[in-house]
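Asks: Here it is, the structure in full.
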């Protein structure tokens, strides 16, 4: 019972935590073609959307497939769309064939040691973030349910309407 | 107060006092379970993992506060609590870490201490790691003591001898365009070494290239050491080749591997290295000690409404006395924007991988499983519905034969951005008497799960009912999860 009370306390405390933008940690990784992916360089072009996914994660793939039709709209506006693979070293050879076969245009980033996951404190798969050009995380979303992509798309459009770019 | 806590406190204080550019983020996962074990006794499980990151300029402090309490008071001694921290300094071209860290060299044949939170595997090192990145090349040097935490049968356990010591160096060279060249050396000292000079060393190298849509990679590793306890020279080796072909809408990947006495430490259930495994279901045979395997996967999206995947993989001992054979076929169709249909079939043979105690002897058996499944998701706008049907046809052969079939139906109703309610019912047609120890006498497993997005950063999951249990495998590590019957509350938060 005592433990249940502690859990409830955590629920209340964390639920009360604010939704204000927090600074985005820096990163420097490589994409599946060996090109460097550096946060500062990306932000010089525009805001960043990134989704953490893995080959075993069915909902992650659904989310990235759902956002795929909007790729060109946001790419043309300067948004960087990243898919951060959390697959371990043993699965790394499968990532590129999988991403290409799904015709994803995202910048697919390899993170086999889960450095990004640690930096961004990702607790559930998928988790997606939108980082504004002021280097603040303006949107965070855990999990995916069909239709959630509309909220992500709306947030990215809102960023442009506010003149974030 | 010990030295580590003083360092932690000093770094936190310096970071907090330093003011303006301090960046802090945190995450928490807490869980509380009440469940019955196989003896139908009520048990409790409370765990919480708080991760707190603070960054100031080039300095970062990462800390993890973990508590796990099983039922009290009888199991109090089994509880696990720890505070981990890492102080990292990163300023190009140097990255320096002190405290707890993870490291994988190459594809993991020499060293693979990694974190897999999704399957509750936490294999880390505590010590020092330094990396230098220059001229598209990276040099890593590390020294630390390993800690391998594993979760099985609803308990967290530290599996390894934490007195072991690992030191290593890895060099990845990217100077030549489209070519990856690497070399590594790892030295491991254990309490079981018979004399100070009886350490184990692993070394190896890799070469990879990318030519247009083709990617090729090869890695070789060798182990030189001693058999634990009894002594005697132990030497082993392993090789891995992977090839990939990727063009828009088509991806092909093939791999071949051969490991002979490469898994380390020899004769234990944990590993500090973890050679790759072609089996998608994650089932290992001897985990790098005596394994040979190959596999291939083709993924094809002929048009946006349909994608297909076919895969065949094998992993077996050199004399063929045991192995795993896996064939997977998957089709995902989107007849329209609102609907997704997933059809998948898995056929897996585990030959002499699992054993059961019959008539005073441990008998290895062959298990064939055919698992067709169908899943339909329909988006109704503010709501969506997902319906699933899955079968598992099992044929288990020892000196007797046992067959049984598992069925599962599920229905999930979700409100986008808010809540998903999943109802699942599983049942089994029969239980062969000699397999009761492995699969229990249970015949039905009703389950309800509610996932509630309190906000974008907070999710609460409430699960009530029964789960089958069985073997869950990841990365060649399989664990037997006991059937679960009870209630679980899990809260994840980012803040």
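Protein chains in written order, with the working numbering: chain A, 2 to 166; chain B, 36 to 530. For glycine and all other residues, C-beta sits at the position ideal for the given N, C-alpha and C.
So what's residue 233/B in DSSP terms, helix, strand or just coil?
Replies: In the second chain, counting from the first residue as 1, residue 233/B sits at position 198. The answer is coil: DSSP assigns residue 233/B none of H, G, I, E or B.
Asks: Return the chain-ordered list of same chain residues with a C-beta closer than 6 Å to the C-beta of residue 294/B, the five sequence neighbours on each side being excluded.
Replies: Counted from its first residue, the second chain places residue 294/B at position 259. If we look at residue 294/B and ignore the five residues flanking it on each side, its Cβ neighbours are 273, 310, 323 and 326.
Asks: Check this for me: beta carbons of residue 82/A and residue 107/A, under 7 Å apart or not?
Replies: As a first step, residue 82/A is located in the first chain; it is residue number 81 there, counting from the start. As a first step, residue 107/A is located in the first chain; it is residue number 106 there, counting from the start. Yes, these two residues count as a Cβ contact at 7 Å.
Asks: How do the stretch 240 to 257 of chain B and the stretch 133 to 144 of chain B stand: do at least 3 beta-carbon pairs fall below 8 Å, yes or no?
Replies: The stretch 240 to 257 of chain B, when compared against the stretch 133 to 144 of chain B, does touch it at the 8 Å Cβ threshold.
Asks: Of all the beta strand (DSSP E) runs that stay within the bounds of the stretch 337 to 415 of chain B, which reach a length of 3 or more residues?
Replies: Counting whole runs of 3 or more residues, the stretch 337 to 415 of chain B contains the beta strand (DSSP E) stretches 341 to 351, 358 to 371, 374 to 393 and 396 to 414.
Asks: Contact check, residue 53/A vs residue 80/A under 8 Å by CB: the rounded distance?
Replies: Stepping through the first chain from its first residue, residue 53/A is reached at position 52. Stepping through the first chain from its first residue, residue 80/A is reached at position 79. With a Cβ gap of about 17 Å, residue 53/A and residue 80/A do not count as contacting.
Asks: How big is the Cα-Cα spacing for residue 90/B and residue 193/B?
Replies: Along the second chain, one-based indexing puts residue 90/B at 55. Along the second chain, one-based indexing puts residue 193/B at 158. About 30 Å.
Asks: Strictly below 8 Å CB to CB, what residues from chain B border residue 104/A?
Replies: Taking the first residue of the first chain as 1, we reach residue 104/A at position 103. What residue 104/A touches in chain B: 283, 284, 336 and 339.
Asks: Just the Cα atoms here: how many angstroms apart are residue 526/B and residue 139/A?
Replies: Along the second chain, one-based indexing puts residue 526/B at 491. Along the first chain, one-based indexing puts residue 139/A at 138. Approximately 22 Å, taken between the alpha carbons.
Asks: Given a cut-off of 7 Å on the beta-carbon distance, is the pair residue 351/B and residue 61/B in contact?
Replies: The residue you call residue 351/B lines up with position 316 of the second chain. The residue you call residue 61/B lines up with position 26 of the second chain. Not closer than 7 Å, so no.
Asks: Among 169/B, 278/B, 179/B and 151/B, which has the Cα closest to the Cα of residue 185/B?
Replies: Working through the second chain from its first residue, we reach residue 185/B at position 150. Of 169/B, 278/B, 179/B and 151/B, the residue nearest in Cα terms is 151/B.
Asks: Could you name the residues of the same chain whose beta carbon sits closer than 7 Å to that of residue 210/B, not counting the 5 residues immediately before and after it, in chain order?
Replies: For the purposes of this step, residue 210/B is taken as residue 175 along the second chain, with counting starting at 1. Contacts found: 170, 171 and 172.
Asks: Assess, as a yes-or-no matter, whether the stretch 59 to 72 of chain A is touched by the stretch 121 to 136 of chain A under the definition of 3 or more beta carbon pairs within less than 8 Å.
Replies: Because the criterion of three Cβ pairs below 8 Å is met, the stretch 121 to 136 of chain A and the stretch 59 to 72 of chain A touch.
Asks: What residues of chain B sit near residue 91/A, judged by a beta carbon separation below 7 Å?
Replies: Locating residue 91/A in the first chain gives position 90, counting from the first residue. Chain B residues near residue 91/A: 142, 143, 311, 312 and 510.
Asks: On the premise that residue 283/B lies in contact with residue 97/A, defined as a C-beta separation below 8 Å, what is that separation, rounded to the nearest angstrom?
Replies: Along the first chain, read from residue 1 onward, the residue named residue 97/A stands at position 96. Along the second chain, read from residue 1 onward, the residue named residue 283/B stands at position 248. In fact, because the Cβ distance is near 12 Å, the residues do not count as touching under 8 Å.
Asks: Check residue 261/B in the structure and name its three-state DSSP category.
Replies: For the purposes of this step, residue 261/B is taken as the residue at position 226 of the second chain. Strand.
Asks: Mind checking residue 465/B: buried by the 16 CB within 10 Å criterion, or exposed?
Replies: Along the second chain, one-based indexing puts residue 465/B at 430. Result: exposed.
Asks: Does residue 492/B come within less than 7 Å of chain A when only Cβ atoms are used?
Replies: Position 457 of the second chain, counted from the start, is the residue given in the question as residue 492/B. Answer yes: the Cβ-Cβ gap between residue 492/B and chain A drops below 7 Å somewhere.
Asks: Cutting at 6 Å between CB atoms, please list the residues of its own chain near residue 34/B, excluding the five before and the five after it.
Replies: Residue coverage of chain B in this structure runs from 36 to 530, which leaves residue 34/B outside it and unanswerable.
Asks: Could you tell me if residue 434/B is buried or exposed, where buried requires 16 or more neighbouring beta carbons within 10 angstroms of its beta carbon?
Replies: For the purposes of this step, residue 434/B is identified with residue 399 of the second chain, where counting begins at 1. It counts as exposed.
Asks: Any idea which residues DSSP pairs residue 481/B with across the strands?
Replies: Translated into the one-based positions of the second chain, residue 481/B becomes position 446. Answer is 460/B.
Asks: Measuring only the C-alpha atoms, how far is residue 148/A from residue 416/B?
Replies: For the purposes of this step, residue 148/A is taken as the residue at position 147 of the first chain. For the purposes of this step, residue 416/B is taken as the residue at position 381 of the second chain. The straight-line gap from Cα to Cα measures roughly 7 Å.
Asks: Less than 7 Å between the beta carbons of residue 528/B and residue 130/B, yes or no?
Replies: By one-based count along the second chain, residue 528/B stands at place 493. By one-based count along the second chain, residue 130/B stands at place 95. Cβ atoms of residue 528/B and residue 130/B: not closer than 7 Å.
Asks: So with Cβ pairs under 7 Å, would you call residue 142/A a contact of chain B?
Replies: Locating residue 142/A in the first chain gives position 141, counting from the first residue. Yes, residue 142/A counts as interfacial toward chain B.
Asks: Which residue's Cα is closest to the Cα of residue 269/B: 299/B, 408/B and 409/B?
Replies: On the second chain, position 234 is the one that residue 269/B refers to. Comparing Cα positions, the closest option is 299/B.
Asks: Would DSSP call residue 172/B helix, strand or coil?
Replies: Translated into the one-based positions of the second chain, residue 172/B becomes position 137. Three-state DSSP puts residue 172/B in a strand.
Asks: Check whether the Cβ of residue 150/A lies closer than 7 Å to any Cβ atom in chain B.
Replies: On the first chain, position 149 is the one that residue 150/A refers to. No, because no Cβ of chain B sits closer than 7 Å to the Cβ of residue 150/A.
Asks: Taking the runs of the beta strand (DSSP E) that are 3 residues or longer, which of them lie wholly in the stretch 90 to 150 of chain B?
Replies: Entirely contained in the stretch 90 to 150 of chain B, the beta strand (DSSP E) runs reaching 3 residues are, in chain order, 94 to 105, 115 to 126, 129 to 136, 138 to 140 and 146 to 148.
Asks: What is the rounded straight-line gap between the Cα of residue 504/B and the Cα of residue 474/B?
Replies: Within the second chain, residue 504/B is the residue found at index 469, counting from 1. Within the second chain, residue 474/B is the residue found at index 439, counting from 1. So the alpha carbons of these two residues sit roughly 8 Å apart.
Asks: Can you check whether the C-beta of residue 75/A is within less than 7 Å of a C-beta belonging to chain B?
Replies: Along the first chain, one-based indexing puts residue 75/A at 74. No, residue 75/A lies away from the interface with chain B (no Cβ there is under 7 Å from its Cβ).
Asks: Considering residue 52/A, what are the terminal residues of the beta strand (DSSP E) in which it resides?
Replies: As a working mapping, residue 52/A is identified with position 51 in the first chain. Here the beta strand (DSSP E) through residue 52/A covers 49 to 54.
Asks: Could you tell me which of 41/A, 123/A and 162/A sits nearest to residue 491/B, measuring between CA atoms?
Replies: Reading the second chain from its first residue, position 456 is the one you call residue 491/B. Of the candidates 41/A, 123/A and 162/A, the one whose C-alpha sits nearest the C-alpha of residue 491/B is 123/A.
Asks: Which residues in the same chain have their Cβ closer than 6 Å to the Cβ of residue 381/B, if we skip the five residues on either side of it in sequence?
Replies: Translated into the one-based positions of the second chain, residue 381/B becomes position 346. So the qualifying residues of the chain are 363 and 406.
Asks: Counting only beta-carbon atoms, is residue 37/A nearer than 7 Å to chain B?
Replies: For the purposes of this step, residue 37/A is identified with residue 36 of the first chain, where counting begins at 1. Judged by the 7 Å Cβ criterion, residue 37/A is not in contact with chain B.
Asks: Just how far apart, CA to CA, sit residue 349/B and residue 321/B?
Replies: Working through the second chain from its first residue, we reach residue 349/B at position 314. Working through the second chain from its first residue, we reach residue 321/B at position 286. Rounded to whole angstroms, residue 349/B to residue 321/B spans 13 Å at the Cα level.
Asks: What would DSSP say about residue 155/B, mapped onto helix, strand or coil?
Replies: Mapped onto the second chain, residue 155/B falls at position 120. Three-state DSSP puts residue 155/B in coil, outside helix and strand.
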